[in-house]
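Protein chains: 2
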Amino acid sequence: MSERVTLLTLARDLGVSRATVSNAYNRPDQLSADLRDRILARADQLGFAGPDPRARGLRSGRTGAVGVLIDQGLSYAFSDPTAVLYLDGLASELQSDGLGLLLHAGTGSKTDAELVRAAAVDAWVIRSLPDDEPAVAAALAQQRPMVVLDQPELPGVPLVGIDDADGAVAATQLLLDLGHRDIAVLAMPLRPDGFQGLVDAVRERYATYSVMRTRLCAVEQTLSAAGVDWGAVPVVECAVNDMDTGALGAYELLDRTPAPTAIIALSDQLALGALRAAHEMGVCVPGACSVVGFDDAPGVSTALPPLTTVAQPLRERGQVAGEIVRALLRGESVATPPRLPVSLVVRDSTGPPPR
Amino acid sequence: MSERVTLLTLARDLGVSRATVSNAYNRPDQLSADLRDRILARADQLGFAGPDPRARGLRSGRTGAVGVLIDQGLSYAFSDPTAVLYLDGLASELQSDGLGLLLHAGTGSKTDAELVRAAAVDAWVIRSLPDDEPAVAAALAQQRPMVVLDQPELPGVPLVGIDDADGAVAATQLLLDLGHRDIAVLAMPLRPDGFQGLVDAVRERYATYSVMRTRLCAVEQTLSAAGVDWGAVPVVECAVNDMDTGALGAYELLDRTPAPTAIIALSDQLALGALRAAHEMGVCVPGACSVVGFDDAPGVSTALPPLTTVAQPLRERGQVAGEIVRALLRGESVATPPRLPVSLVVRDSTGPPPR
DNA sequence: TTGGGTGTCTGAATCGATCTAGTAATAGAC
DNA sequence: GTCTATTACTAGATCGATTCAGACACCCAA
Chain A
77 MSERVTLLTL
87 ARDLGVSRAT
97 VSNAYNRPDQ
107 LSADLRDRIL
117 ARADQLGFAG
127 PDPRARGLRS
137 GRTGAVGVLI
147 DQGLSYAFSD
157 PTAVLYLDGL
167 ASELQSDGLG
177 LLLHAGTGSK
187 TDAELVRAAA
197 VDAWVIRSLP
207 DDEPAVAAAL
217 AQQRPMVVLD
227 QPELPGVPLV
237 GIDDADGAVA
247 ATQLLLDLGH
257 RDIAVLAMPL
267 RPDGFQGLVD
277 AVRERYATYS
287 VMRTRLCAVE
297 QTLSAAGVDW
307 GAVPVVECAV
317 NDMDTGALGA
327 YELLDRTPAP
337 TAIIALSDQL
347 ALGALRAAHE
357 MGVCVPGACS
367 VVGFDDAPGV
377 STALPPLTTV
387 AQPLRERGQV
397 AGEIVRALLR
407 GESVATPPRL
417 PVSLVVRDST
427 GPPPR
Chain B
77 MSERVTLLTL
87 ARDLGVSRAT
97 VSNAYNRPDQ
107 LSADLRDRIL
117 ARADQLGFAG
127 PDPRARGLRS
137 GRTGAVGVLI
147 DQGLSYAFSD
157 PTAVLYLDGL
167 ASELQSDGLG
177 LLLHAGTGSK
187 TDAELVRAAA
197 VDAWVIRSLP
207 DDEPAVAAAL
217 AQQRPMVVLD
227 QPELPGVPLV
237 GIDDADGAVA
247 ATQLLLDLGH
257 RDIAVLAMPL
267 RPDGFQGLVD
277 AVRERYATYS
287 VMRTRLCAVE
297 QTLSAAGVDW
307 GAVPVVECAV
317 NDMDTGALGA
327 YELLDRTPAP
337 TAIIALSDQL
347 ALGALRAAHE
357 MGVCVPGACS
367 VVGFDDAPGV
377 STALPPLTTV
387 AQPLRERGQV
397 AGEIVRALLR
407 GESVATPPRL
417 PVSLVVRDST
427 GPPPR
């Protein structure tokens, strides 16, 4: 039997103490350079790859990994450009501290919570999950440093958000100012239950994705203030936040009589889907129907037509989350920073309604 | 001082043994349902989030995480569509086994190797790294299950690859068959040293990215066999595998006299860059210059013009890697599967040379 | 009555490191 | 020649679980 090589093996072999071997790896200043070289050389010979990370983790309480909890499976995160940008920002910030990203998905099932419970991480970053996601509760229970992006709002946990209401108001007001009254809304999931279709007031109010609640509410208030009857405004929820599903939702909206003269899409992926649906149905954008998106994701400026949208700093928000994590891990206490401002970028997908 | 709650705390509190509490979490069949409920309930009251993953990891040797080592920083991986697809496939496969992905980047520095050494993972998946990357050596030293995508080739480690030579030959032969003789090559990095520009034979031969070596070699042989003097074929290496850098490289190629009538880009990102450069320089594709890519990444079929390229199963390869990891973790031994076939997809970016 | 089987629960060893407090030896200051 | 600093190293407790070999009680069959 070939025994596993540990610090102790090495220590015995060299006639020094375990602590000294440990120090050779972790505190080079605690022993003579000569001995250190000897230890490292012998370690190499014996095929010792350095102190076992698991044991080190237990003893020192640090694993060098930050858990990242995202919505709807990893596949989704990798295919959503906004998620990728955010991960990019986060990663670049954490990398400089030698922290890795441990990706986990929250899909609403109990097993996700199990995975979270079993994950050895130093901190959690949570992005855009429903209020009642069990995996979030599991992460919270670990009492480790934590940061949330977008949602859910958790008491005592710093949240890196944008001014969702502002953005939704700006988009809506733009359409109102252009003269639109027959406005429709294309929403991201309100609950992670795979529902697709027209949304009623109850579902709207009890959406578990708080960002959607906020944005929808802002749209409602802006329209109501302008005298548009919210009850008559069709809101279609898309089961998945991607182009294909967005197109599906847009078909439903554009098929209605009277057809809307403008669609507010609450994400750019949905907006891109709406552009495609309109194109396929022969509906001219913005001639027959205006489309406004949300996020200013990469690629929307070169869509056909270039998309009017609410721009938010995606990558930068990932970085901010990373900075906060680092600060928390240093033991500093961090308050929720003010929500980052958004700005309406008017391109060519919006115009006055047809007369 | 509020003591940390551990299995022992809980055991004492309830007057049972530590083993029983552990079993309550890990082997429900080992104790009465009644006692188990009592334990779990009390755990909840005391704010015990379940057995500490670090300690569990040490004792049982499993952490539930697979380390993923990628090239050039996480940011790059997230912005390269082929890398995203591969991660997507890998993640979907591992998720079903409850495994998370721990992402680390290899950037050639010693500190990366340190990070790898300190990472508590059950297995490593390595994608597209140079032959001499220190982080790879560090991962190898841990003697854990391991899988490589594309490169480097490591003895005894299963590699999930494609038939690179075949693909390069097919692309080259297409151009030859169309009548091209003035062919130029746009290459991905040959070494991770940030070099950009014309490559000489020595650099070509000693490329540390073995996939590039293989593809270039296949192009060379195909051209030589057709009587084209390889020494006169300009090969421009791009420091980064992205559109912008590809455009930069293409500028250099298209500026030469005589200008090439065809460019073989060894990745689609570079090919897209070449398309852009050609467009900006007023060079008509494929009228004045044909462009062929490699990968069939998402989006290239809708490029202007749609790109002729060598298609490979990107997402699927990630899944295959995932399957192999799972098998290895189950203790099975896995041989390197045969390289997956590629296929030339002819679209509109290639045509006969101008006369 | 005995023996075996089953269902519950316990004791103690173990995983492989980190880290604090402390020893021993040497150097330098006065 | 004594006293303090500094350097180089060690002993042993500790992190928080998992796990295996029993112990104990109880029931049923022979």
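Residue numbers (this note's numbering), protein chains in the order written: chain A, 77 to 431; chain B, 77 to 431. Where is the CB? At the ideal position from N, CA and C, for every residue including glycine. All values derive from a computational prediction rather than experimental measurement.
Under three-state DSSP, which class holds residue i?
{"i": "A/M77", "result": "Because the pLDDT of A/M77 is 38, which lies under 50, any placement of that residue in the model is unreliable, and the number read from its coordinates should be weighed accordingly. The answer is coil: DSSP assigns A/M77 none of H, G, I, E or B."}
{"i": "A/E209", "result": "coil"}
{"i": "B/G143", "result": "strand"}
{"i": "A/A411", "result": "coil"}
{"i": "A/A283", "result": "coil"}
{"i": "A/S98", "result": "helix"}
{"i": "A/L420", "result": "strand"}
{"i": "A/A263", "result": "strand"}
{"i": "B/G126", "result": "coil"}
{"i": "B/G91", "result": "coil"}
{"i": "B/L84", "result": "helix"}
{"i": "B/Q121", "result": "helix"}
{"i": "A/Q106", "result": "helix"}
{"i": "B/A244", "result": "helix"}
{"i": "A/V160", "result": "helix"}
{"i": "A/R138", "result": "coil"}
{"i": "A/Q249", "result": "helix"}
{"i": "B/T298", "result": "helix"}
{"i": "A/G255", "result": "coil"}
{"i": "A/S155", "result": "helix"}
{"i": "A/R431", "result": "coil"}
{"i": "A/T321", "result": "helix"}
{"i": "A/T333", "result": "coil"}
{"i": "A/S425", "result": "coil"}
{"i": "B/D113", "result": "helix"}
{"i": "B/V466", "result": "It is not possible to answer for residue 466 of chain B, since the shown part of chain B is limited to 77 through 431."}
{"i": "B/G149", "result": "helix"}
{"i": "B/G133", "result": "helix"}
Per DSSP, which one or two residues make a beta bridge with residue i?
{"i": "A/G232", "result": "None, per the DSSP bridge assignment."}
{"i": "B/V311", "result": "B/V261"}
{"i": "A/I238", "result": "A/L416"}
{"i": "A/G273", "result": "A/E313"}
| Within 8 Å of chain A by C-beta, residues of the region 109-135 of chain B in sequence order | G123, A125, G126, D128, P129, R130, A131, R132, G133, L134
| task | Spell out a yes or no on whether the region 222-234 of chain A and the region 193-210 of chain A are touching, meaning 3 or more CB-CB pairs, one atom from each, closer than 8 Å. | result | Flag = yes, the region 222-234 of chain A and the region 193-210 of chain A touch.
| field | beta strand (DSSP E) runs wholly inside the region 335-409 of chain B, at least 3 long, in chain order | value | You should have 338-341, 366-371, 384-387.
| Which residue spans inside the region 165-226 of chain A form an unbroken beta strand (DSSP E) run of at least 3? | 176-182, 199-203, 222-225
| At a cut of 8 Å, does the region 114-132 of chain A reach the region 113-124 of chain B through at least three beta carbon pairs? | no
| field | At least three beta-carbon pairs within less than 8 Å, the region 165-180 of chain A to the region 142-151 of chain B | value | yes
| request: Report the residues of the region 398-414 of chain B with a CB closer than 7 Å to any CB of chain A, ordered along the chain. | output: none
| message | By the 7 Å beta-carbon criterion, what residues does the region 154-169 of chain A contribute toward chain B? | response | Per Cβ criterion, the list reads F154, S155, V160, L163, D164, A167, S168.
| Interface positions of the region 346-374 of chain B facing chain A (Cβ-Cβ less than 7 Å), listed along the chain | none
| request: Would you be able to state if there are at least three C-beta pairs under 8 Å between the region 287-295 of chain B and the region 238-245 of chain B? | output: Cβ pair count under 8 Å is three or more, so yes.
| request: Please name the residues in the region 278-294 of chain A whose beta-carbon is closer than 8 Å to at least one beta-carbon of chain B, in chain order. | output: Against chain B - using a Cβ distance shorter than 8 Å - the region 278-294 of chain A contributes no residues.
| request: Please confirm if the region 394-407 of chain A is in contact with the region 102-116 of chain B, defined as three or more CB-CB distances below 8 Å between the two stretches. | output: Fewer than three beta-carbon pairs drawn from the region 394-407 of chain A and the region 102-116 of chain B are found closer than 8 Å, and the two stretches are therefore not classed as touching.
| query | Per the contact definition of three or more C-beta pairs closer than 8 Å, is the region 256-263 of chain A in contact with the region 322-342 of chain A? | reply | Yes, the region 322-342 of chain A is in contact with the region 256-263 of chain A.
| query | So does the region 368-377 of chain B actually touch the region 202-216 of chain B, counting three or more Cβ pairs closer than 8 Å? | reply | No, the region 368-377 of chain B does not touch the region 202-216 of chain B.
| When Cβ atoms are compared, which residues of the region 188-213 of chain A fall closer than 7 Å to chain B? | L191, R193, A194, A195, A196
| Taking three-plus beta-carbon pairs below 8 Å as touching, is the region 400-418 of chain A in contact with the region 81-96 of chain B? | no
| field | contact_flag[the region 177-189 of chain B, the region 173-189 of chain A] where n(CB pairs < 8 Å) is 3 or more | value | yes
| Stretch-stretch touch, CB-based, cutoff 8 Å, three pairs: the region 263-280 of chain B with the region 248-255 of chain B | no
| request: Output, in sequence order along the chain, the residues in the region 80-95 of chain A whose CB is closer than 9 Å to any CB in chain B. | output: Answer set for the region 80-95 of chain A: empty.
| query | In the region 212-239 of chain B, which residues sit with their C-beta less than 8 Å from some C-beta in chain A, listed in chain order? | reply | A214, A217, Q218, Q219
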